[in-house]
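S.K.:
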Amino acid sequence: MSRKYTKINQYEKEILQWKSEGMTNREIAQRLGLEYSQIHNWVSRYNERQRKLKAGIVPRKKGRPRKDSEPRDIVAEQAYIIQRLRMENELLRDFMRSMGRR
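Residue numbers for the sequence shown follow full-length UniProt numbering, so the first one is 1 and each next one is one higher.
In structure tokens, the structure reads:
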């Protein structure tokens with residue numbers, strides 16, 4: 001038996017409207033042809049997001065951040081490379097002086 005996947009976020013406006021009208025999660029689920037637990041979990045997650053936004057907590061994306069996704073990471077990496085190259089040049093210059101070459 002194949003499984004039917006539904007993007008519940010596409011029904012966000014309808015769910016919120018029906019909740020404001022006083023419909024229960026079970027009634028909303030029956031109207032949309034979804035399971036009660038799907039509606040219950042979505043409403044819980046939505047309410048949690050709204051509480052965090054009111055409290056001033058910025059929602060973060062889930063998962064591991066990409067290595068080079070942020071410009072500040074790129075700038076920091078470039079600064080590190082420049083510092084390393086300057087140290088290398090300084091060491092080579094000191095070595096050349098100690099060997100009697102300019």
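Every residue gets a Cβ at the ideal spot worked out from N, C-alpha and C, and that includes glycine.
1) Identify whether LYS54 lies in helix, strand or coil by the three-state DSSP scheme.
2) Can you tell me the Cα-Cα spacing of SER98 and ARG86, whole angstroms?
3) Could you check how far apart the C-beta atoms of TRP18 and ILE8 are, in whole angstroms? I think they sit under 8 Å.
4) Is it the case that the Cβ atoms of ILE39 and ASN25 are separated by a distance below 7 Å?
5) Helix, strand or coil for ARG101, going by three-state DSSP, please let me know.
6) Helix, strand or coil: how does DSSP classify GLU14 here?
7) Quick one, are the C-beta atoms of LEU32 and TYR11 less than 7 Å apart?
M.R.: By the coordinates alone:
1) In the sequence shown, residue 54 corresponds to position 54, counting from 1. If DSSP states are grouped into helix, strand and coil, LYS54 belongs with the helices.
2) Taking the first residue of the sequence shown as position 1, residue 98 is located at position 98. Taking the first residue of the sequence shown as position 1, residue 86 is located at position 86. Approximately 18 Å between the Cα atoms of the pair.
3) Here residue 18 is taken as the residue at index 18 of the sequence shown, counted from 1. Here residue 8 is taken as the residue at index 8 of the sequence shown, counted from 1. Not quite, the Cβ-Cβ distance comes to about 13 Å (not below 8 Å), so this is no contact.
4) Working through the sequence shown from its first residue, we reach residue 39 at position 39. Working through the sequence shown from its first residue, we reach residue 25 at position 25. Yes. Within cutoff.
5) Stepping through the sequence shown from its first residue, residue 101 is reached at position 101. Look at ARG101 here: in three-state DSSP terms it is coil, with no helix or strand label.
6) Position 14 of the sequence shown, counted from the start, is the residue given in the question as residue 14. Three-state DSSP puts GLU14 in a helix.
7) As a working mapping, residue 32 is identified with position 32 in the sequence shown. As a working mapping, residue 11 is identified with position 11 in the sequence shown. In terms of Cβ geometry, LEU32 and TYR11 form a close pair [threshold 7 Å].
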